[in-house]
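Take a look at the structure below.
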Amino acid sequence: SRILLQDTSAVPTSPWTHFVMMAGSTLRKVKSRSWKKQRHFRLLEDGMTIWYKSRWAGKGHSTFSVTEVEAVREGHQSEVLLSIAEEFPADLCFTLVFHGRQGNLDLVADSPEEAQAWIQGVRKLIHKVQTMDEKERLDQWVWDWFQKADKNKDGKMNFKEVRKLLKMMNVDMNEDHALHLFTMADKSESGSLEIEQFVHFYKILTQRDEVWKVFQDYSGDGEKLMLEELENFLMMGQQEGERSAQLAQELIDSYEPSESGAMSLDGFQKYLCSQEGSIFKPEQRDLHQDMSQPLSHYFISSSHNTYLLEDQLRGQSSLEAYIQALKRGCRCVEVDCWDGSDGEPIVYHGHTLTSKILFKDVISTVKEYAFKASDFPVILSLENHCGVEQQTIMAEHLSQILGDMLLTTVLDGQVPQQLPSPQELKGKILLKAKKIGGLEDCIDETLTDEVSDEEEANGDAESPSAEDPPAESLTENDKVKPRKSKSKLSKELSDLVLYCKSVHFHGFEQARLHGKCYEMSSFSESKAKRLAKEAGTDFVQYNTRQLSRIYPSGLRTDSSNYNPQDMWNVGCQIVALNFQTAGLEMDLSDGLFRQNGGCGYVLKPDFMRDGNTQFSPEKPEERPDYKPLRLSIQVISGQQLPKVNQKEGSIVDPLVRVEIYGVPQDQAKEETSHINNNGFNPVWNETLNFILHTPELTLVRFVVEDYDKASRNDFIGQFTLPFTCIQAGYRHIHLLSKDGTPIPPSSIFVNISISELT
Ligand SMILES: *[C@@H]1O[C@H](CO)[C@@H](O)[C@H](O)[C@H]1NC(C)=O
Ligand SMILES: *[C@@H]1O[C@H](CO)[C@@H](O)[C@H](O)[C@H]1NC(C)=O
Numbered sequence: 001s002r003i004l005l006q007d008t009s010a011v012p013t014s015p016w017t018h019f020v021m022m023a024g025s026t027l028r029k030v031k032s033r034s035w036k037k038q039r040h041f042r043l044l045e046d047g048m049t050i051w052y053k054s055r056w057a058g059k060g061h062s063t064f065s066v067t068e069v070e071a072v073r074e075g076h077q078s079e080v081l082l083s084i085a086e087e088f089p090a091d092l093c094f095t096l097v098f099h100g101r102q103g104n105l106d107l108v109a110d111s112p113e114e115a116q117a118w119i120q121g122v123r124k125l126i127h128k129v130q131t132m133d134e135k136e137r138l139d140q141w142v143w144d145w146f147q148k149a150d151k152n153k154d155g156k157m158n159f160k161e162v163r164k165l166l167k168m169m170n171v172d173m174n175e176d177h178a179l180h181l182f183t184m185a186d187k188s189e190s191g192s193l194e195i196e197q198f199v200h201f202y203k204i205l206t207q208r209d210e211v212w213k214v215f216q217d218y219s220g221d222g223e224k225l226m227l228e229e230l231e232n233f234l235m236m237g238q239q240e241g242e243r244s245a246q247l248a249q250e251l252i253d254s255y256e257p258s259e260s261g262a263m264s265l266d267g268f269q270k271y272l273c274s275q276e277g278s279i280f281k282p283e284q285r286d287l288h289q290d291m292s293q294p295l296s297h298y299f300i301s302s303s304h305n306t307y308l309l310e311d312q313l314r315g316q317s318s319l320e321a322y323i324q325a326l327k328r329g330c331r332c333v334e335v336d337c338w339d340g341s342d343g344e345p346i347v348y349h350g351h352t353l354t355s356k357i358l359f360k361d362v363i364s365t366v367k368e369y370a371f372k373a374s375d376f377p378v379i380l381s382l383e384n385h386c387g388v389e390q391q392t393i394m395a396e397h398l399s400q401i402l403g404d405m406l407l408t409t410v411l412d413g414q415v416p417q418q419l420p421s422p423q424e425l426k427g428k429i430l431l432k433a434k435k436i437g438g439l440e441d442c443i444d445e446t447l448t449d450e451v452s453d454e455e456e457a458n459g460d461a462e463s464p465s466a467e468d469p470p471a472e473s474l475t476e477n478d479k480v481k482p483r484k485s486k487s488k489l490s491k492e493l494s495d496l497v498l499y500c501k502s503v504h505f506h507g508f509e510q511a512r513l514h515g516k517c518y519e520m521s522s523f524s525e526s527k528a529k530r531l532a533k534e535a536g537t538d539f540v541q542y543n544t545r546q547l548s549r550i551y552p553s554g555l556r557t558d559s560s561n562y563n564p565q566d567m568w569n570v571g572c573q574i575v576a577l578n579f580q581t582a583g584l585e586m587d588l589s590d591g592l593f594r595q596n597g598g599c600g601y602v603l604k605p606d607f608m609r610d611g612n613t614q615f616s617p618e619k620p621e622e623r624p625d626y627k628p629l630r631l632s633i634q635v636i637s638g639q640q641l642p643k644v645n646q647k648e649g650s651i652v653d654p655l656v657r658v659e660i661y662g663v664p665q666d667q668a669k670e671e672t673s674h675i676n677n678n679g680f681n682p683v684w685n686e687t688l689n690f691i692l693h694t695p696e697l698t699l700v701r702f703v704v705e706d707y708d709k710a711s712r713n714d715f716i717g718q719f720t721l722p723f724t725c726i727q728a729g730y731r732h733i734h735l736l737s738k739d740g741t742p743i744p745p746s747s748i749f750v751n752i753s754i755s756e757l758t
C-alpha cells in the first residue's frame, strides 16, 4: 500500500493554495526595518517540506518541515512587521511561528492573494499534522529522514546510503544483520530501496522484542489476544480495574487494523505507543477540577519579567514574550512600567540596557492572547515605577484597550470574605498593584476620608520603585513603622485594583489578625524559602486565605530560575518563573500545569485548602490522613532517542534517571546504568524504587542523558508529570526536548507499580 503522505488527495488543502505553494512564490523575508530580502519559497513534492533560497545567489538554500511550524499569524502581528507597517499593508504580511524557542519567520507577499494562499495553505498543513495519529506521525518521521538523506532526489537509496541514514537516525547495527534486512526489503532486487520499501525496512528494524514478550505473557496462542485475554492484560498488567472489560472492546475497535475481533501484535503495539497507552492518565489531562473555589486554593501558572526574551541586563524586551507565555497557559504576567519620554509609559527592565516597548502595545497584546489557551482569569502584575501622570495614562489604556475584559468592580458589590473563583472570573483580566485604601472604601463612599489612615494601618506604603525590596529580617511582632513620605498613586489606576492589592508582608500573626483576602504580598525566593522552612504550617494556612507571589532573586541577572517546588510545598500560588529560560525549573512548571486542560490553574490538595490545616512539608507523617506510597518503576527500554552530538559516527550511550520533587523527605534521584552505543533500541530492564510521603505534591521527572565519563552527561530528553497523573502498568513516556517541545518518535517504555507502604 502506498504510504499516506504521498497521497496528497488526503491533504485537506484546496487545489489552489496547494498549487500556489508548489509553484513557488517570491516573498520578502524581513528581519528588521532595514533587513528585507527576497527569497524564493516553495512546497516540495512531499507536501510537508518548505524550501527556500535567495533568488539570485548560488547553491545555498534552507528547508523546514511544516511539522516544525506551530501557527501562522496574519497581518502585522510581530514587532518586526509592525515596524514596517507603513511600508507594507497588513494583508501582505504574515508570520510563521515555530515550536519551542526557535525564532519566527516574518514574510511579506507581493499581493494579498499570494499572502492568503500561503496563510491558508500552511494552516491546513499544520492542521493535518496536528490530526495525524501515532502511525502517521511515525511514517512522516521516517519520510522526513528519507528526504533528508536522498541527496540526488531520485527517490532511491542503496545500501551504503541506507547505512549512512541509519547512523543519522542514531542506529548503530551489525552490518550483516542490516544487509540481511535490506535484502529482505528490496523485493525488486534492484540493489536500492524506494521510499515504501524503506518504510517497510524501518518497520522490521523497529520490531520490539520487549513488547512481543509482554504480548506472549497474555496470549494463549502467541498470535493474538482474544477479548478476554486483552481484558486480563488490562486488569493485571495495566491496573485498569473495573473498566477493563469495556476498555478491551474500545481498544480493539480503535487500534486493531484487522476485522478479526481480537488484538494482533501490531494493534497491541499501536495501543501501547498511543496517548491512551502513555503514562499520563487521559482524564487528568483534560479540564476536570472544581473551578469554583477561591483563587487562593489554586496553583497559578506565573511568569516573571514576562517582557524579556533573554537576560536581564542587555536582553530584548518583546511583545513576543507575552504571546509565548500566554499561549503556554500562563495566568499571571508581569509588566514593569516606567515613565516614557513622550508621555507614553514604557515597559522594560529599569536601569539596564534592555530594549523598551510601549505599555499600550503590551496591553493590546495581552488582550489578543489572554484567552487563547485558557478561559480562566489573567492577573497583570504591575510593577509600577511611573509618576502619577503616566499612571493615569496607564489606567486610561487599560480601560480603553481591554474594555469588558478588565475587571473594574467587585462581584456582587460586596466586600469579599474570600477571593472569587476562577469560574466566576472567567474571561477577566485582574490588576495586581498598589491601591489607596481598601475595597471597603470603594463600596462605601462615606469611608473615603479614612483612606490615608487605612493605608498606614495596612502598612501599604511600599515606595513605588521598590516592589522587589531586599529580603528584610522578619519577626512576627514586627510593628508597622509609620512612613513619612507617601507613595504617589494615581486614583484612576488605584481604582482598577480590586482583588490583588499589593501590600507589605508583616508576619503571619499580623496577617491572621488583620489580613484581608484581597491583599497579597510578594516574597523573594530566599525569604519564601526561609519562611517555608521555619514556619511551614503558618505559610500553608496563610496561603489558604491570601495570595502570595514569589519572585526570583535579583542576583539572577542571567534569568535563571529557582526550584518552584519548595514554594508549592507551602501552597504559594503565584510562583513566578523566567519562562524564557528552559531547564529543570520550567520542566517542573510545565509538568504541574500539564494537567487540568493546561488552563493554568491547578487545585491544591485538600490539606492545603483548610484554614486550620496543620500540614507542614517538613513533617508529612503528622498529617491525619498520612498514607505513604511505594512507587516502583521498571525502566524497560528506549525508542529512537535523538542524537545529541552531531559528530559523524557518534552514537549515544543512554541512561534514564528518575527524579522526584516534592516535600523535602520525598526528594530523590535514581538512575539506570548506561547502555553503550545504542540510542535506537536500548534495553535497561532496571527497577528504581521510591517512597512518597506526600504523593499529592509530588512531581516525577524522567530524564534521558547521554553518558559521558569524561565530562557532564548530555541531555537527550525529558518528561515531567504530577505523580497523581501517572497510570500504572506498561506505559510509554513520550519525550520532550530541552525547550519542552515533543520529539516524536522518541520514547521510553516502563512498567510502573504503585502500592501502599505496609
Ligand atoms: C529484560 O527482562 C525480560 C523479562 O523480565 C527478559 O525476558 C529479557 O531477556 C531482559 N532483557 C535484557 C536485555 O536483559
Ligand atoms: C511489571 O510489574 C509487575 C508489577 O510489579 C510485575 O508483576 C511484572 O512482572 C513486571 N513485568 C516485567 C516484564 O517484569
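So for the sequence shown, full-length UniProt numbering puts the first residue at 1; every next one is plus one.
Virtual Cβ for every residue (Gly too), placed ideally from N, Cα, C.
This one's a predicted model, so the numbers in the text were calculated from it and none came from an experiment.
Backbone secondary structure at residue i - three-state DSSP
i           : result
residue 243 : helix
residue 712 : coil
residue 450 : Its pLDDT being 34, under 50, residue 450 is placed unreliably in this model, and the coordinates cannot settle the point.
residue 520 : strand
residue 638 : strand
residue 254 : helix
residue 433 : strand
residue 202 : helix
residue 296 : helix
residue 719 : strand
residue 393 : helix
residue 532 : helix
residue 505 : coil
residue 347 : strand
residue 650 : coil
residue 462 : In this predicted model, residue 462 has a pLDDT of only 37, less than 50, meaning its place in the structure is not dependable enough to derive any value.
For residue i, the first and last residue of its enclosing alpha helix (DSSP H)
i           : result
residue 212 : 209-218
residue 267 : 265-273
residue 325 : 319-327
residue 360 : 359-369
residue 751 : Premise fails: residue 751 lies in the beta strand (DSSP E), 742-756, not in any alpha helix (DSSP H).
residue 334 : That residue, residue 334, is in no alpha helix (DSSP H); its beta strand (DSSP E) goes 332-338.
residue 508 : 508-514
residue 501 : Premise fails: residue 501 lies in the beta strand (DSSP E), 497-502, not in any alpha helix (DSSP H).
residue 660 : No alpha helix (DSSP H) holds residue 660; the beta strand (DSSP E) holding it covers 654-661.
residue 179 : 175-185
residue 193 : Looking at the DSSP string, residue 193 is not in any alpha helix (DSSP H); the run it does join, the beta strand (DSSP E), is 192-194.
Where the beta strand (DSSP E) through residue i begins and ends
i           : result
residue 689 : 683-692
residue 677 : Neither: residue 677 is in no beta strand (DSSP E) and is coded neither H nor E.
residue 701 : 699-706
residue 381 : 378-384
residue 732 : 729-736
Below 5 Å from a heavy atom of ligand 2 - residues by beta-carbon: Qualifying residues, in the order they occur: 751, 753.
Pick out the complete alpha helix (DSSP H) segments inside the UniProt domain "EF-hand" (137-172), 4 residues or longer, and give them in chain order. Here the runs fully enclosed are 159-168.
Answer yes if the region 28-45 comes into contact with the region 86-106, meaning at least three C-beta pairs across the two stretches below 8 Å, and no otherwise. As far as the Cβ criterion goes, the region 86-106 touches the region 28-45, which means the pair count is three or higher.
Residue ranges of each beta strand (DSSP E) run of no fewer than 3 residues wholly in the UniProt domain "PH" (19-127), ordered along the chain? For the UniProt domain "PH" (19-127), whole beta strand (DSSP E) runs of length 3 or above, ordered along the chain, are 25-30, 36-43, 49-54, 62-65, 69-74, 93-98, 105-108.
Could you say if the region 85-92 and the region 108-123 meet the contact criterion of at least three C-beta pairs nearer than 8 Å? Taking a contact to require three or more Cβ pairs closer than 8 Å, the region 85-92 and the region 108-123 qualify as touching.
Every unbroken beta strand (DSSP E) inside the region 542-622 [3 residues or more]: If only uninterrupted beta strand (DSSP E) runs of at least 3 residues are considered, those enclosed by the region 542-622 are 548-551, 601-603.
Does the region 622-642 come within contact of the region 679-696, defined as at least 3 CB pairs closer than 8 Å? In this structure the region 622-642 lies against the region 679-696, because at least three pairs of beta carbons, one per stretch, are closer than 8 Å.
Taking one C-beta from the region 214-231 and one from the region 253-263 each time, how about it: are there three or more such pairs within less than 8 Å? They touch, by the three-pair rule.
Would you be able to state if there are at least three C-beta pairs under 8 Å between the region 419-431 and the region 380-398? The answer is yes - the region 419-431 touches the region 380-398, with three or more Cβ pairs under 8 Å.
Sufficient close CB pairs (3 or more, under 8 Å) joining the region 385-398 to the region 324-339: Touching, yes.
Is it a yes or a no for the region 223-230 touching the region 155-171, going by three-plus beta-carbon pairs under 8 Å? The region 223-230 vs the region 155-171: no contact.
Between the region 243-258 and the region 199-210, do three or more beta carbon pairs fall short of 8 Å? No, the region 243-258 does not touch the region 199-210.
Whether or not the region 602-609 and the region 510-519 are in contact is what I'm after, with contact meaning three or more pairs of Cβ atoms, one per stretch, closer than 8 Å; do they touch? Look at the beta carbons and you see the region 510-519 not touching the region 602-609: under three pairs across the two are nearer than 8 Å.
Between the region 519-531 and the region 492-508, are three or more C-beta pairs nearer than 8 Å? Enough Cβ pairs lie closer than 8 Å, so yes.
The region 605-618 in contact with the region 648-659 per 3-pair CB rule at 8 Å: Too few Cβ pairs lie closer than 8 Å, so no.
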